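Chemist: Provided herewith is a single structure, encoded as structure tokens, for subsequent inquiry.
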Amino acid sequence: MNDTYIIKRMTQKELDFTIELAASEGWNPGLHDSDCFYAADNNGFFLGLLNNEPVACLSAVKYSNSFGFVGLYIVKKSYRGKGYGSRIMHAGLEYLKGCNIGLDGVLAQLNNYKKYGFQLAYHNIRYQGLTGGKAPNNLGLIKLTEIPFKQINLYDSAFFPADRAAFLKLWLTQPDSVALGVIHEDKLVAYGVIRACRVGYKIGPLFADSPIFAEILFLALKANVRAEQPVFLDIMEQNSNAFALVRRHKMQPVFETARMYTQQAPALDTERLYGVTSFELG
């Protein structure tokens, strides 16, 4: 009866704790996710403290006054079912009030998210394969550092419902990662990132104007990191060409999420979206 539960905004050091908690849940975060996530919105990370002990966390990143994204929703196992998660979720949703809010939820929590006003839009599926192989001999392949950031950010805008330049600048240049693009007829036609995670690597995002450019980029990314390591790609169920890509490379499904929104699903260019950037931040 004397327990004190408070919700506060996280410092970046506390976000490091949250990333560790995500790792313990088997979510396999990237080695440098904390810096990139915090840059997206340093007011958008919440910590639930019970008698000064961290027991719950949530990210509620406000990308604009009209769009936000919820993730990293975790309550320590021994404290679940006591309302601590509900209270921190309400704090995050209050911060994002007035926004269309997205999330990638675990399927077992689908009905729980519906109680907060989220509606199912589609599923995202994580596929696992192996790094290595040979990079394509393609003159259009280019490091993203050699392309003006404005050009990349403009290309990115077809795949995300708000400007995310602050996040993207760090995401594209984080340590232990490779960020590549494809230039065709003096135009950016694909870009992607592969980053080191607790286990292996994740590719995300992977955006491309055609299946051919997606293939070139996919092969180049996984060839430019340590070989014979697990590699993961998160695809949208609506993109049949993305399904063809993972099947062609004998990748296996290992995890699935429900992409949900509080309002209508944004009009993203799903045909060119071959890999989701992050389940935590969209």
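Going by the working numbering, the sequence shown opens with residue 176, and the numbers climb by one from there.
Cβ atoms here follow ideal geometry from the backbone N, Cα and C, with glycine treated the same way.
Keep in mind it's a predicted model, so treat the numbers as computed, not measured.
#1: Specify whether the region 356 to 372 and the region 311 to 329 touch according to this definition: at least 3 beta carbon pairs, one from each stretch, less than 8 angstroms apart.
#2: Ignore the nearest five residues each way along the sequence and tell me which others in Asp178's own chain have a CB closer than 8 angstroms to its CB.
#3: For Val381, which residues does DSSP report across the bridge?
#4: Determine the closest residue to His298 out of Asp409, Tyr238 and Leu268, with distance taken between C-alpha atoms.
#5: Is it true that the CB of Ala417 sits closer than 9 angstroms to the CB of Pro311?
#6: Determine the closest residue to Lys237 out of Gly292, Pro336, Pro386 and Ala419, with distance taken between C-alpha atoms.
#7: Can you tell which of Phe244, Gly258, Lys252 and Lys290 has its C-alpha closest to the C-alpha of Lys272?
#8: Contact check, Val374 vs Asn203 under 8 angstroms by CB: the rounded distance?
#9: List the residues that DSSP assigns as beta-bridge partners of Thr432.
#10: Which residue comes first and which comes last in the beta strand (DSSP E) that contains Glu321?
#11: Drop a sphere of 10 angstroms on the beta-carbon of Thr432, count the other beta-carbons inside from all chains shown, and report buried for 16 or more, exposed for fewer.
#12: Anyone know if the C-beta pair for Ile182 and Gly223 falls short of 9 angstroms?
#13: Buried or exposed for Ser199, please, with buried defined as at least 16 other CB atoms from any protein chain shown within 10 angstroms of its CB.
#14: Out of Ala389, Asp210 and Lys377, which has the shortest C-alpha to C-alpha gap to Gln187?
#15: Pick out whichever of Leu448, Lys377, Leu355 and Asp191 has its Cα sitting closest to the Cα of Leu314.
#16: Assess, as a yes-or-no matter, whether the region 385 to 399 is touched by the region 331 to 350 under the definition of 3 or more beta carbon pairs within less than 8 angstroms.
#17: With DSSP as the reference, label Arg255 as helix, strand or coil.
#18: Identify the residues that DSSP records as bridge partners of Asn275: which are they?
#19: With H, G and I counted as helix, E and B as strand and the rest as coil, what does DSSP make of Tyr180?
#20: In the region 397 to 432, which residue ranges form an unbroken alpha helix (DSSP H) of at least 4 residues, counting only runs that do not cross its ends?
#21: For Tyr376, tell me which candidate among His359, Leu196, Gln303 and Phe430 has the shortest Cα-Cα distance.
#22: Measuring alpha carbon to alpha carbon, tell me which of Asn217, Leu305, Gly307 and Ala197 ends up nearest Cys232.
#23: Roughly how many angstroms lie between the CA atoms of Asp384 and Glu412, to the nearest whole one?
#24: Rounded to whole angstroms, what is the Cα-Cα separation between Asp338 and Asn275?
#25: So Gly379 packs on Thr452, CB below 8 angstroms; how close in whole Å?
#26: To the nearest angstrom, how far is the alpha carbon of Gly457 from that of Ala341?
Modeler: Result, derived from the coordinates:
#1: At 8 angstroms Cβ cutoff, the stretches touch.
#2: As a working note, residue 178 is residue 3 in the sequence shown. Closer than 8 angstroms at Cβ, skipping near neighbours: Leu225 and Asn226.
#3: Your numbering for residue 381 matches position 206 in the sequence shown. The amino acid at residue 381 is misidentified as Val; the sequence shows Leu. By DSSP's assignment, Leu381 forms a beta bridge with Gly367 and Gly450.
#4: In the sequence shown, counting from the first residue as 1, residue 298 sits at position 123. Shortest Cα-Cα distance from His298 to any of Asp409, Tyr238 and Leu268 involves Asp409.
#5: To locate residue 311, count along the sequence shown from 1; it is residue 136. To locate residue 417, count along the sequence shown from 1; it is residue 242. Not in contact: Pro311 and Ala417 (Cβ atoms no closer than 9 angstroms).
#6: The residue labelled residue 237 in the question sits at position 62 within the sequence shown. Its Cα nearest to that of Lys237, the residue Pro336 stands out among Gly292, Pro336, Pro386 and Ala419.
#7: Sequence index remark: in the sequence shown, residue 272 carries index 97 (1-based). Selected option, being the one with the closest Cα: Phe244.
#8: Taking the first residue of the sequence shown as position 1, residue 374 is located at position 199. Taking the first residue of the sequence shown as position 1, residue 203 is located at position 28. Val374 to Asn203, Cβ: 5 angstroms. Contact.
#9: Start at 1 with the first residue of the sequence shown, and residue 432 comes out as number 257. The partner list for Thr432 (beta bridge, DSSP) reads Val281 and Asn299.
#10: Residue mapping note: residue 321 aligns to position 146 of the sequence shown, counting from 1. Secondary structure note for Glu321: it is in no beta strand (DSSP E), with a DSSP letter that is neither H nor E.
#11: As a first step, residue 432 is located in the sequence shown; it is residue number 257 there, counting from the start. So Thr432 counts as buried.
#12: Translated into the one-based positions of the sequence shown, residue 182 becomes position 7. Translated into the one-based positions of the sequence shown, residue 223 becomes position 48. Taking 9 angstroms as the Cβ cut-off, Ile182 and Gly223 qualify as a contacting pair.
#13: In the sequence shown, counting from the first residue as 1, residue 199 sits at position 24. Result: exposed.
#14: One-based indexing of the sequence shown puts residue 187 at position 12. Ranking the options by Cα distance to Gln187, first place goes to Asp210.
#15: Working through the sequence shown from its first residue, we reach residue 314 at position 139. Ranking the options by Cα distance to Leu314, first place goes to Leu355.
#16: Verdict: no, contact absent.
#17: Residue 255 sits at position 80 when you count from the first residue of the sequence shown. Judged by DSSP in its simplified three-state form, Arg255 adopts coil rather than helix or strand.
#18: Along the sequence shown, one-based indexing puts residue 275 at 100. Answer by DSSP bridge pairing, in chain order: Phe242.
#19: Sequence index remark: in the sequence shown, residue 180 carries index 5 (1-based). In this structure, DSSP gives Tyr180 an extended state, which the three-state scheme calls strand.
#20: If only complete runs of 4 or more residues are kept, the region 397 to 432 shows the alpha helix (DSSP H) at 415 to 423, in order along the chain.
#21: Within the sequence shown, the letter at position 201 stands for residue 376. Looking at the Cα atoms, Gln303 is the closest of the given residues.
#22: Locating residue 232 in the sequence shown gives position 57, where the first residue counts as 1. Check the Cα spacing between Cys232 and each of Asn217, Leu305, Gly307 and Ala197: the tightest is with Ala197.
#23: On the sequence shown, position 209 is the one that residue 384 refers to. On the sequence shown, position 237 is the one that residue 412 refers to. Between Asp384 and Glu412, the C-alpha separation is close to 18 angstroms.
#24: Here the question's residue 338 lines up with position 163 in the sequence shown. Here the question's residue 275 lines up with position 100 in the sequence shown. Each residue's Cα considered, the two are about 14 angstroms apart.
#25: Working through the sequence shown from its first residue, we reach residue 379 at position 204. Working through the sequence shown from its first residue, we reach residue 452 at position 277. With 8 angstroms as the limit, Gly379 and Thr452 qualify as a contact, their Cβ atoms being about 5 angstroms apart.
#26: Here residue 457 is taken as the residue at index 282 of the sequence shown, counted from 1. Here residue 341 is taken as the residue at index 166 of the sequence shown, counted from 1. Going from the Cα of Gly457 to the Cα of Ala341 covers about 14 angstroms.
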